[in-house]
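Residue numbers (the numbering used here): 114 to 360.
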């Protein structure tokens, strides 16, 4: 079969080559377009949440436990938004639509704001937690590596006969973040590097206090919340993980 005198096979090869070349030649442009689309989705959901709140007096969120970690506590309930005709469709990157973003709310008491939590990071943490739990059940010990901060350690993957696992940062391209472990055995992602990078970028050192949760800097700056994390305080000139009742 021919299209305008050109053999169909040759035409298909040409199309495939064009697609491949476009992906190889313009990765930065494609990434920027994806980021823009993600940002637009957040704006759409934010507008829908605001309309729902103004119309009902409550927030369109799913139920959660009191002990649910801070940035996972208020997931957006898209069924409620669609049920009132405020939102016509769920964002393509949302977990509910097969994507890797869980839409959540932060600052619910003062200024409810839509953010996202990376499902891939969340799932990787669950995987590492299972490895630690299994090792602890077998050996009655934790796979402790080097000390990161008081009561916190790197994870000794070699002790578990596992290849070290890290997660791709949602904040900085091509940066992988390690896992840390509290002495209780609770695993979390270590965001110290990203927090420090942002502090230096914005020259924030002089205005920081030892009591504030430095994760808020990431939340204010980016569309994503720091999934599966402990609070960080500014101690001795660096962000340090701390153990609190509510993470």
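Just so it is clear, CB atoms sit at the ideal spot from N, CA and C, and this is done for glycine as well.
Checklist entry - Thinking C-alpha only, which one of 350, 342, 346 is nearest residue 184? => result Distances from the alpha-carbon of residue 184 to those of 350, 342, 346 put 342 closest.
Checklist entry - By a C-beta neighbour count over all protein chains shown, 10 Å radius and 16 as the cutoff for buried, is residue 222 buried or exposed? => result Residue 222 is classed as exposed because its beta carbon has fewer than 16 other beta carbons within 10 Å across all chains shown.
Next on the checklist: Between which two residues does the beta strand (DSSP E) holding residue 301 run?
Outcome noted: In the DSSP assignment, residue 301 falls within the unbroken beta strand (DSSP E) covering 300 to 302.
Next on the checklist: Tell me the DSSP secondary structure of residue 270 in three-state form.
Outcome noted: In the structure shown, residue 270 sits in coil (DSSP, three-state: anything other than H, G, I, E or B).
Checklist entry - Is it right to say residue 318 is buried, meaning 16 or more other beta carbons lie within 10 angstroms of its own, or is it exposed? => result Counting of Cβ neighbours within 10 angstroms places residue 318 among the exposed residues, the total staying below 16.
Item to check | Cα-Cα separation between residue 231 and residue 340, rounded to whole angstroms | outcome: Here the C-alpha atom of residue 231 lies approximately 7 Å from the C-alpha atom of residue 340.
Checklist entry - Quick one: Cα of residue 200 to Cα of residue 168, how far? => result Computed Cα separation, rounded: 14 Å.
Checklist entry - Which value, in whole angstroms, describes the spacing of the CA atoms of residue 282 and residue 311? => result Between residue 282 and residue 311, the C-alpha separation is close to 13 Å.
Checklist entry - What is the DSSP secondary structure of residue 190, reduced to helix, strand or coil? => result Residue 190 falls in the coil class under three-state DSSP.
Checklist entry - Quick one: what does DSSP say residue 284 is sitting in, helix, strand or coil? => result Looking at residue 284 - three-state DSSP - the assignment turns out to be coil, as it is neither helix nor strand.
Checklist entry - Going by DSSP, which residues form a beta bridge with residue 293? => result Residue 293 is bridged to 267, 301.
Next on the checklist: In the DSSP output, what is residue 262 paired with across the bridge?
Outcome noted: Residue 262 is bridged to 265.
Item to check | Cα-Cα separation, residue 161 to residue 179 | outcome: About 26 Å.
Checklist entry - Just the Cα atoms here: how many angstroms apart are residue 354 and residue 194? => result Answer to the nearest angstrom: the Cα atoms are 36 Å apart.
Next on the checklist: Give me the residue from 306, 295, 196 with the minimum Cα distance to residue 356.
Outcome noted: Of the listed residues, the one whose Cα sits closest to residue 356 is 295.
Next on the checklist: Does residue 307 pass the burial test, meaning 16 or more other C-beta atoms within 10 Å, or should it be called exposed?
Outcome noted: Counting Cβ neighbours within 10 Å, residue 307 comes out buried, since at least 16 surround it.
Checklist entry - Going by alpha carbons, who is nearest to residue 242 out of 268, 220, 261? => result Ranking 268, 220, 261 by Cα distance to residue 242 puts 268 first.
Checklist entry - Along the chain, where does the beta strand (DSSP E) that runs through residue 227 open and close? => result Looking at the DSSP string, the run of the beta strand (DSSP E) that includes residue 227 is 226 to 231.
Next on the checklist: Taking the straight line between their C-alpha atoms, what separation do you get for residue 187 and residue 158?
Outcome noted: Using only the alpha carbons, I get a separation of about 14 Å.
Checklist entry - Is DSSP giving residue 351 helix, strand or coil here? => result Of the three classes helix, strand and coil, the one that applies to residue 351 here is strand, per DSSP.
Next on the checklist: Is it buried or exposed, residue 228, if we count other Cβ atoms within 10 angstroms and call 16 or more buried?
Outcome noted: Residue 228 comes out buried.
Checklist entry - Can you tell me the Cα-Cα spacing of residue 254 and residue 298, whole angstroms? => result Cα to Cα, the separation comes out at about 9 Å.
Next on the checklist: Quick check on the burial criterion: 16 or more other C-beta atoms within 10 angstroms. Buried or exposed for residue 346?
Outcome noted: Using a 10 angstroms sphere on the CB of residue 346, the tally of other CB atoms reaches 16 or more, which defines it as buried.
Item to check | Residues of its chain near residue 133, where Cβ-Cβ distance is below 8 Å and the 5 sequence neighbours each way are ignored | outcome: Because the pLDDT at residue 133 is just 40, under 50, the model does not fix this residue reliably, and the point stays unresolved.
Checklist entry - Quick one: Cα of residue 330 to Cα of residue 320, how far? => result Going from the Cα of residue 330 to the Cα of residue 320 covers about 12 Å.
Next on the checklist: Quick check on this structure: which residue in 303, 182, 285 has the alpha carbon closest to the alpha carbon of residue 260?
Outcome noted: Per the C-alpha coordinates, the member of 303, 182, 285 positioned closest to residue 260 is 303.
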